[in-house]
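Residue numbers (the numbering used here): 185 to 485.
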């Protein structure tokens, strides 16, 4: 077993494809496949399960990749301490629902820990894809919410895929609206108050289940409903159309300015926001640091 093989395996996991990893590593696809097969044969384990649809990481593969990341991190520390060698670029990925605080924490992480060479990824994406990214180690950390309605389904998927959930904070539901919205002056709003305004939500693509919605009360029908795929578009529509979306109330003026405000929603619900990780993988130094930055950002808001 060589450090090069460990780097190969981690690159494949990050890309989700042997072919894409080979391009990034500047080697041929057959050479990369053979190197991984030799590694699997030597260790007598299956790291990547191969199907007609591509590859996925096995249970024992997830555990192996966790150890491999630790070995490469320690190797990099040794090289930086004792050799004038070019360090292996840092890799870190997060998959998250559309929360401004997760972006703030990511920015803070990069400012503190980024070296001259790095490859960080922040995916604001769909709920099912967050679970899938962490399951297949495309991301070390995933950020999503649980409530009474979706927790049974989400917890079942996490248990099946050996994922763990750690609470960041609990929040009462709020609506995000334009500061110029007629409802902005109210101390609280009701569902009846919102009835004539466009309801904005994030589309969930192929897995468009009520349980995967990023907004609570997903089973309610609305006179006016708009689905979007990114946070910038949603915020523009909040302002341009006097729309609203239901969220945690945690909003960052540093990133979003003062044009959007949060108003409490008069409803008896609780949102629990947290981060997920793979139980078979020891968090990397960057993953641990990112969670610390999340805590700091949330305490400031």
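Ideal Cβ positions, reconstructed from N, Cα and C, are used throughout, including at glycine.
Given the structure is predicted, the values throughout are model-derived calculations rather than measurements.
Host beta strand (DSSP E) of residue 274 (start-end)
274-280
Taking its Cβ as the centre, do 16 or more other Cβ atoms sit within 10 Å of residue 234, making it buried, or is it exposed?
exposed
Apply the 10 Å Cβ neighbour rule to residue 541 and answer buried if 16 or more other Cβ atoms are within range, or exposed otherwise.
Nothing can be reported for residue 541: it is not among the residues displayed for the chain, which extend from 185 to 485.
Once DSSP output is grouped into helix, strand and coil, what is the label at residue 411?
strand
Residue of 352, 349 and 372 minimising C-alpha distance to residue 358:
372
Start-to-end residues for the beta strand (DSSP E) that takes in residue 303:
302-308
Could you tell me the boundaries of the beta strand (DSSP E) in which residue 354 lies?
347-355
Could you check how far apart the C-beta atoms of residue 447 and residue 482 are, in whole angstroms? I think they sit under 8 Å.
In fact, because the Cβ distance is near 20 Å, the residues do not count as touching under 8 Å.
Taking only the alpha-carbon atoms, compute the straight-line gap between residue 417 and residue 425 and give it to the nearest angstrom.
12 Å
Terminal residues of the continuous alpha helix (DSSP H) containing residue 311?
311-319
For residue 315, the nearest candidate out of 274, 297, 204 and 462 (CA to CA)
462
Could you pull out every residue in the same chain whose Cβ sits closer than 8 Å to the Cβ of residue 377, ignoring the five residues on either side in sequence?
367 and 370
For residue 151, I'd like the list of residues in its chain whose CB is within less than 8 Å of its CB, leaving aside the five on either flank, ordered along the chain.
The structure shown has nothing for residue 151, since the chain only spans 185 to 485.
DSSP three-state call for residue 395: helix, strand or coil?
helix
For residue 455: DSSP bridge partner residues:
355
With the cut-off set at 8 Å, would you say residue 334 and residue 395 are in Cβ contact?
yes
According to DSSP, residue 225 sits in a beta bridge with which residue or residues?
DSSP, once it has assigned bridges, lists no residue as partnering residue 225.
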